Amino acid sequence: MTTLTDPPKATFRLSMLLYDTRYRSTTIQIIVLIAFMLGAAWLLNNVRVNLALAGKDFNFGFLQQVSNFDIGQRLIEYSSTSTYGRATIIGLLNTLLIAVMGCFAATVVGVAVGILRLSPNWVISRLMAVYVEMFRNVPILLWILLIMGVLSESLPQPKDFRGENPTASMSMFDSVAVTNRGIYIPEPLFSKGLGDIPVFWNSFEISLDLMAILAVLFAGLLIGKLIKTRAMQIQAATGVLPKTGLIRLALVVIPVLLVLWILGFHLGYPALKGFNFQGGTRLGNPLLALWIALSLYTAAFIAEIVRAGIMAISKGQSEAASALGLRPNKIMNLVILPQAMRVIIPPLISQYLNLTKNSSLAVAVGYADITSTLGNTTLNQTGRELEAILLLMGCYLAISLIVSTVMNAYNERTKLRER
Amino acid sequence: MKKSVFIGALTVASLTAGIAAAGTLDDVKARGKLNCGVSTGLVGFASPDANGKWEGYDVAICRAVAAAVLGDNTAVEFVPLSSKTRFTALASGEVDVLARNTTWTLSRDVDLKFDFVGVNYYDGQGFLIPKSMGVTSAKELDGATVCIQSGTTTELNLADYFRVNGISYEPVPVEGNSEAQKLYLAGACDTLTTDGSALAATRAAFEKPDDHIVLPEIISKEPLGPLVRHGDNEWGDIVRWTLNALISAEEYDITSANIEELSKGTNNPEINRILGTEGNMGEMLGLDADWAKRAIMSGGNFGEIFEANIGEKTPIGLSRGLNALWTEGGLIYSPPFR
Numbered sequence: 520m521t522t523l524t525d526p527p528k529a530t531f532r533l534s535m536l537l538y539d540t541r542y543r544s545t546t547i548q549i550i551v552l553i554a555f556m557l558g559a560a561w562l563l564n565n566v567r568v569n570l571a572l573a574g575k576d577f578n579f580g581f582l583q584q585v586s587n588f589d590i591g592q593r594l595i596e597y598s599s600t601s602t603y604g605r606a607t608i609i610g611l612l613n614t615l616l617i618a619v620m621g622c623f624a625a626t627v628v629g630v631a632v633g634i635l636r637l638s639p640n641w642v643i644s645r646l647m648a649v650y651v652e653m654f655r656n657v658p659i660l661l662w663i664l665l666i667m668g669v670l671s672e673s674l675p676q677p678k679d680f681r682g683e684n685p686t687a688s689m690s691m692f693d694s695v696a697v698t699n700r701g702i703y704i705p706e707p708l709f710s711k712g713l714g715d716i717p718v719f720w721n722s723f724e725i726s727l728d729l730m731a732i733l734a735v736l737f738a739g740l741l742i743g744k745l746i747k748t749r750a751m752q753i754q755a756a757t758g759v760l761p762k763t764g765l766i767r768l769a770l771v772v773i774p775v776l777l778v779l780w781i782l783g784f785h786l787g788y789p790a791l792k793g794f795n796f797q798g799g800t801r802l803g804n805p806l807l808a809l810w811i812a813l814s815l816y817t818a819a820f821i822a823e824i825v826r827a828g829i830m831a832i833s834k835g836q837s838e839a840a841s842a843l844g845l846r847p848n849k850i851m852n853l854v855i856l857p858q859a860m861r862v863i864i865p866p867l868i869s870q871y872l873n874l875t876k877n878s879s880l881a882v883a884v885g886y887a888d889i890t891s892t893l894g895n896t897t898l899n900q901t902g903r904e905l906e907a908i909l910l911l912m913g914c915y916l917a918i919s920l921i922v923s924t925v926m927n928a929y930n931e932r933t934k935l936r937e938r
Numbered sequence: 079m080k081k082s083v084f085i086g087a088l089t090v091a092s093l094t095a096g097i098a099a100a101g102t103l104d105d106v107k108a109r110g111k112l113n114c115g116v117s118t119g120l121v122g123f124a125s126p127d128a129n130g131k132w133e134g135y136d137v138a139i140c141r142a143v144a145a146a147v148l149g150d151n152t153a154v155e156f157v158p159l160s161s162k163t164r165f166t167a168l169a170s171g172e173v174d175v176l177a178r179n180t181t182w183t184l185s186r187d188v189d190l191k192f193d194f195v196g197v198n199y200y201d202g203q204g205f206l207i208p209k210s211m212g213v214t215s216a217k218e219l220d221g222a223t224v225c226i227q228s229g230t231t232t233e234l235n236l237a238d239y240f241r242v243n244g245i246s247y248e249p250v251p252v253e254g255n256s257e258a259q260k261l262y263l264a265g266a267c268d269t270l271t272t273d274g275s276a277l278a279a280t281r282a283a284f285e286k287p288d289d290h291i292v293l294p295e296i297i298s299k300e301p302l303g304p305l306v307r308h309g310d311n312e313w314g315d316i317v318r319w320t321l322n323a324l325i326s327a328e329e330y331d332i333t334s335a336n337i338e339e340l341s342k343g344t345n346n347p348e349i350n351r352i353l354g355t356e357g358n359m360g361e362m363l364g365l366d367a368d369w370a371k372r373a374i375m376s377g378g379n380f381g382e383i384f385e386a387n388i389g390e391k392t393p394i395g396l397s398r399g400l401n402a403l404w405t406e407g408g409l410i411y412s413p414p415f416r
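Just so you know, the protein sequences line up as chains P and F, in that order. Remember, our numbering sits 519 above the position in the first sequence when you count from 1. Remember, our numbering sits 78 above the position in the second sequence when you count from 1.
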């Protein structure tokens with residue numbers, strides 16, 4: 520009698536792929552992957568077959584064709600003799616403009632509302648609750664249309680400013696005109712300007728005046744920071760903090776004013792000429808309506824995020840700070856908010872992304888964002904549906920990924936370091 | 079085994095997706111309804127009345143085609159399309175005919191792969207402006223804010239006109255005609271521009287039409303007509319000759335009043351061929367002999383349709399002008415039924 524048995528033979532049967540727990544999950548994954556790839560291949564084939572049947576090809580050559588249409592709202596030079604590609608860039612810049620303006624305003628309003636909603640003052644906290652609930656629970660498109668309607672119906676027309684007894688007049692010492700087409704504000708002009716330099720093969724120009732001002736401003740801020748560091752060192756060594764506030768302010772303000780004076784800075788005021796106000800910078804109503812609606816709508820969500828963030832900080836923190844003798848606003852700024860930011864930032868990222876994507880509703884009020892220039896007019900005039908929509912999706916995807924990368928980097932910096 | 083069924087199904091699915099483009103006549107007959115793309119609401123051309131029944135100049139073309147093909151001018155499914163969605167809807171087969179005051183251009187005909195079957199309205203782009211502005215010519219519009227429908231040929235003509243004349247403007251592109259109207263009436267734009275016929279229709283719908291004028295300049299040629307997909311020529315022929323039948327009917331004085339009498343037979347062979355008492359025109363088109371008779375009975379001949387929907391007795395009040403028959407100094411002309 521022997522206890523020796525044969526070692527198990529390494530046989531492999533096909534059924535083991537399904538019944539052997541060592542292989543099962545891999546098998547399932549491979550099957551799912553194959554199914555996914557077949558599905559994708561079918562979609563692609565469908566597109567290819569149908570494009571061929573419709574006699575269409577797939578190329579982006581149309582971007583180099585002359586567009587033949589005009590765009591009112593533009594940040595860089597554009598005319599109807601420019602290409603569709605340039606119209607797309609104009610739209611992209613307009614989308615970025617509204618996204619940046621919207622995110623900024625929404626954050627400011629949202630943080631304020633979120634904090635005020637926690638105010639011990641009953642009236643203020645209730646009012647903020649009403650605001651948040653109203654904006655959160657009504658679709659954004661309705662808000663955009665409502666605000667656009669209010670702006671274009673209730674504000675005076677340019678012709679109301681005309682005549683012997685005008686029914687409307689300019690505000691702020693005749694420098695700002697509020698009309699139902701937009702708000703005209705004075706524009707900065709330079710009588711001894713340095714001119715512009717074309718960049719990127721003449722595709723757009725950078726103002727040297729602006730560059731000069733920014734350079735001086737940053738230099739002032741940098742030196743100010745050095746002085747501040749030095750002051751901190753003196754405080755660390757002697758215990759006395761030298762007063763540097765005035766010097767630092769002067770360092771920022773005086774050189775900038777000097778540069779403005781050298782460049783011959785003056786303001787160009789809007790004036791009624793012909794059909795519209797001419798001169799000055801125009802903030803068109805579509806832009807304003809979209810900006811106000813997007814900011815207020817997103818701010819309602821941000822307010823809730825901020826409130827949640829603040830409430831996540833234990834009460835002991837504010838009680839301790841209070842016991843140390845800090846005043847309420849210092850408690851908020853120095854103790855509560857820095858800790859709350861760690862809770863606030865991740866959901867804030869998705870609100871920024873939402874705002875950017877919601878800006879595609881611009882088409883409802885005639886703001887020339889990328890959905891309007893590329894997805895609407897260009898698509899319609901060229902008939903390149905597939906290319907235009909894919910490009911549009913690519914643009915939004917790129918913007919969203921960039922925003923979330925930047926915000927994630929910021930999140931990494933502010934999140935709690937665990938050691 | 080299962081896998082081969084799956085792949086088989088895949089092949090069938092991708093094939094059927096492709097075939098849908100051909101055989102529109104059979105599709106329409108099988109469906110029992112004609113899908114017709116029309117404007118989202120332009121009084122006189124295509125708009126639903128108080129009972130939700132679609133009526134208008136473009137609608138009449140759809141009804142005539144339905145009457146010719148299906149024998150019933152109410153067997154039409156009207157699909158309201160914006161200027162942006164219209165071509166996609168036609169190309170994808172969502173509609174069989176697009177009769178939505180669409181301008182015949184080379185790129186739409188050739189690059190977008192459509193067939194314009196004819197012209198039912200010779201139009202041109204104009205400007206609507208409040209009388210109180212005191213403007214008498216489009217050349218005085220320097221610096222004006224202009225409301226336009228985005229994605230139309232009018233947007234391109236506008237850019238060309240202002241560039242050629244060296245004057246500037248501020249475009250406000252909006253999605254549809256009703257939005258443009260609202261902005262115009264609120265004074266958010268100085269002038270509204272689109273095809274002259276649509277301006278007349280828009281003005282007619284205003285509370286005080288007399289406070290607004292259409293400027294004399296016509297800045298473009300806008301031949302409007304029904305269109306079908308490229309590649310199904312049999313279907314294109316049917317829509318083309320339905321339109322021609324309506325035009326010929328006016329030319330030969332076939333009206334909805336005397337058509338029954340004329341269809342008993344006349345001594346004019348052309349009338350007989352149109353009405354199917356002579357020859358086999360219907361058979362050639364894949365229809366029966368009475369197709370044109372039914373089309374004409376649907377809403378009357380070309381002239382009757384014009385007068386009933388947009389003519390001088392209607393609030394829109396358009397005169398025939400270029401849209402009179404060639405025999406009366408206009409451009410409306412049908413090739414012979416022979």
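Built from N, CA and C at the ideal position, the CB exists for glycine as well. Small disclaimer: the values here were computed from a predicted structure and weren't measured.
Does DSSP put residue i in a helix, in a strand, or in coil?
{"i": "L270 (chain F)", "result": "strand"}
{"i": "P251 (chain F)", "result": "strand"}
{"i": "Y597 (chain P)", "result": "coil"}
{"i": "L845 (chain P)", "result": "coil"}
{"i": "I245 (chain F)", "result": "coil"}
{"i": "T355 (chain F)", "result": "coil"}
{"i": "A402 (chain F)", "result": "coil"}
{"i": "R655 (chain P)", "result": "helix"}
{"i": "Q900 (chain P)", "result": "helix"}
{"i": "T456 (chain F)", "result": "Since the displayed chain F opens at 79 and closes at 416, residue 456 (chain F) lies outside it and no answer follows."}
{"i": "A750 (chain P)", "result": "helix"}
{"i": "A573 (chain P)", "result": "coil"}
{"i": "D679 (chain P)", "result": "helix"}
{"i": "E706 (chain P)", "result": "strand"}
{"i": "P304 (chain F)", "result": "coil"}
For the beta strand (DSSP E) holding residue i, just list the boundary residues, first then last.
{"i": "D104 (chain F)", "result": "Segment T102 to R109 is the alpha helix (DSSP H) holding D104 (chain F); no beta strand (DSSP E) there."}
{"i": "Q797 (chain P)", "result": "N795 to Q797"}
{"i": "L939 (chain P)", "result": "Residue 939 (chain P) lies beyond the residue range present for chain P, which begins at 520 and ends at 938; the question has no answer from this structure."}
{"i": "D193 (chain F)", "result": "F192 to F194"}
{"i": "Y200 (chain F)", "result": "Y199 to D201"}
Going by other Cβ atoms of all chains shown within 10 Å of its Cβ, with 16 needed for buried, is residue i buried or exposed?
{"i": "D289 (chain F)", "result": "exposed"}
{"i": "W313 (chain F)", "result": "buried"}
{"i": "D888 (chain P)", "result": "buried"}
{"i": "G196 (chain F)", "result": "buried"}
{"i": "K286 (chain F)", "result": "exposed"}
{"i": "Q754 (chain P)", "result": "exposed"}
{"i": "P805 (chain P)", "result": "buried"}
{"i": "P251 (chain F)", "result": "buried"}
{"i": "V692 (chain P)", "result": "The amino acid at residue 692 (chain P) is misidentified as Val; the sequence shows Phe. Result: exposed."}
Per DSSP, what are the beta-bridge partners of residue i in this structure?
{"i": "E133 (chain F)", "result": "F:S125"}
{"i": "N113 (chain F)", "result": "F:E155"}
{"i": "P208 (chain F)", "result": "F:H290"}
{"i": "S487 (chain P)", "result": "Since the first and last residues shown for chain P are 520 and 938, residue 487 (chain P) lies out of range."}
{"i": "H785 (chain P)", "result": "P:L708"}
{"i": "V718 (chain P)", "result": "P:F723"}
Where do the ends of the alpha helix (DSSP H) carrying residue i lie?
{"i": "Q592 (chain P)", "result": "Where Q592 (chain P) is concerned, there is no enclosing alpha helix (DSSP H), given that its DSSP letter is neither H nor E."}
{"i": "Q870 (chain P)", "result": "L856 to N877"}
{"i": "I325 (chain F)", "result": "N311 to E329"}
{"i": "S726 (chain P)", "result": "Premise fails: S726 (chain P) lies in the beta strand (DSSP E), F723 to S726, not in any alpha helix (DSSP H)."}
{"i": "A606 (chain P)", "result": "Y603 to L635"}
{"i": "T924 (chain P)", "result": "E904 to T933"}
#### Entry: Proximal residues, the stretch 236-250 of chain F versus chain P, C-beta separation under 9 Å
L236, A237, D238, F240, R241, Y247, E248, P249 and V250
#### Entry: Contacting positions in the stretch 206-236 of chain F - beta carbon closer than 7 Å to chain P
D220, G221, A222, T223, S228, G229, E233 and L234
### Interface positions of the stretch 902-913 of chain P facing chain F (Cβ-Cβ less than 7 Å), listed along the chain
G902 and E904
### Query
Listed in chain order, which residues of the stretch 785-805 of chain P have Cβ atoms closer than 9 Å to some Cβ of chain F?
K792, G793, F794, N795, Q797, R801, G803, N804 and P805
#### Entry: Contact residues within the stretch 658-690 of chain P, judged by C-beta distance below 7 Å to chain F
S671, E672 and Q676
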